[in-house]
Amino acid sequence: MAFTDMVTKKVNTRAKCESGIWLGGLFVWFTDNGNSLIVGPIFEALAERLRVSREKFAYILDCTTSPICAMVPIIGWGVYAMSLIETELEVAGISEFTSWDVFMQGVPLNFYAILTLFMAGIMAITQWDYGPMLKAQNRAMKTGETLRAGGTPMRSETKKIELPEGVTPKIYTMIVPLLVLLGVMFSYLTMKGLWYTKVAGTDIRTAIASGFLCATLVLIGICIKEKIFTFKKCLDIITGGMSNMMFMCVVLVLAWSLSGVTKTIGTAAYLTDISQGLLNPALLPCIVFAIGAVMSLATGTSWGTMAILMPIGLPMAITFGVSLPLISAAIISGSLYGDHCSPISDTTILASIGSACDHIDHFETQIPYATTVAAICVVMFLVAGWNPTPMMTLVAIVVLIAVIFVLHKIYVKKYGYEKDIVKMKA
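Structure below.
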């Protein structure tokens, strides 16, 4: 609440508000599930006053969840991906490079993550919306209805945080735990030689767990000191959050089981044998990206998709002599597509909750944007199969800007364009 009041004084146009949401999402880079629930409530009142449609609000929140986490090696996302890569390197007997090398070299080739983050910023700054999103933005600006008439928000708009009488929200209750989290994490990693040597995956996992544990204890202490929550209430909130993660745990266990079965029956070796002489190795990155995109869209889980495809795609890449960083980036990118826009994805649901948007409206307006990025990624991975280079990302960004601009102009002729008529006094 205190942070909201501070931001409100500086942001007075819809473009600025959307840009602020985007920057806020980038700042909360260390959690995909918590991102929308942290940033959403901060900008909710401001977005409502500046007529940012709930659909656009949810889209920007969703873009800054998994896509940014998928490129950070020292949080759960990166650690999990590297653990899958490390397993395949050990099976293949490769010791010249590590899973860290493969992951980090693949970051510039993670086209879907990079383009999604960039597109969210461009759409916020330029307001070049198109498709159903343009209709939603026009509706919000013209009528003030940020939520479609008849739409059902995923979070109650009337439900407010109930603070005890006399308690004033303070910004340090949010800032201090975050500083503790990052301080403990990087202190531990620095002790393990983060800045001059490769850090083992076990050390990264220990740093993450230690950081979150210390931050949680500090936050509990602050809540008790400020009389925000009792110790029992804090524990109830923590255990409630744990229970909400059970579905994801079940999905991962099932995905790991399927991965183990495919490895035991030699699926990767079989596919390699039957495709030799028939499959051009340069097509492999594009193929695994497409398969990952379809699989993640259907299942709504990026981690489960990676658990299935890494044990298949990486051995095939090793046999065909295809770049491992490129293949890992293609698998991660494909996994992100479904995680980003599938209606049953946890981050998609949380973005709808964080923005108080109708979930189906969020899905229907976001998927054209996500598919635009995915279509460009197909072309980029197709080209990268012959000549993988980080410079391709710059080419992809230029192509994306051109495509967005053209689509915006086409749909403006169809739906019209409502200019920003609301400007708050600073």
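Numbers 132 to 557, taken from the numbering used here, label the letters of the sequence shown in order.
Note that CB positions come from ideal geometry on N, CA and C, so glycine has one too.
Unbroken alpha helix (DSSP H) runs of no fewer than 4 residues, entirely contained in the region 137-172, are found at 145-158, following chain order.
Taking the Cα positions, THR337 is about 21 Å away from VAL233. Of the residues assessed, LYS273 falls on the exposed side of the cut-off, its CB having fewer than 16 other CB atoms within 10 angstroms. Secondary structure at ASP193: helix, using DSSP grouped into helix, strand and coil. At a cut-off of 4 residues, the continuous stretches assigned as alpha helix (DSSP H) that sit fully inside the region 466-538 are 477-486 and 490-515.
With respect to the C-alpha of THR196, the residue from GLU495, THR478 and THR520 having the closest C-alpha is THR478. Under the three-state reduction of DSSP, PRO284 is assigned to strand. Per DSSP, the unbroken alpha helix (DSSP H) holding PHE249 starts and ends at 242-257.
In this structure, the straight-line span from the alpha carbon of ALA487 to that of PHE249 is close to 24 Å. PRO308: member of the alpha helix (DSSP H) spanning 303-322, first to last residue. With a beta-carbon spacing of about 5 Å, THR247 and VAL504 fall inside the 8 Å limit used to define contacts. The three-state secondary structure of SER427, taken from DSSP, is helix.
Straight-line spacing of the CA atoms in GLY297 and ILE355 works out to 14 Å. Between the region 444-464 and the region 491-503 there are fewer than three inter-stretch CB-CB distances shorter than 8 Å, so the stretches are not counted as touching.
The residue among GLY469, ASP163 and ALA346 with its C-alpha nearest the C-alpha of THR430 is GLY469. For PHE451, the enclosing alpha helix (DSSP H) starts and ends at 433-451. If you draw a 10 Å sphere on the C-beta of MET322, you find fewer than 16 other C-beta atoms in it, and that means exposed. Under the three-state reduction of DSSP, ILE339 is assigned to helix. Rounded to whole angstroms, the separation of the alpha carbons of CYS148 and LEU177 is 7 Å. Going by DSSP, PRO263 is part of the alpha helix (DSSP H) stretching over 263-274. A Cβ-Cβ separation of about 7 Å places VAL509 in contact with ALA421 under the 8 Å criterion. Here SER184 has ALA267, GLN268, ALA271 and THR277 as same chain residues with Cβ atoms under 6 Å from its own Cβ, once five neighbours each way along the sequence are excluded. With fewer than 16 other Cβ atoms inside 10 Å of its own Cβ, TYR303 counts as exposed. Per the C-alpha coordinates, the member of GLY371, VAL514, LEU348 and VAL203 positioned closest to ALA244 is VAL203.
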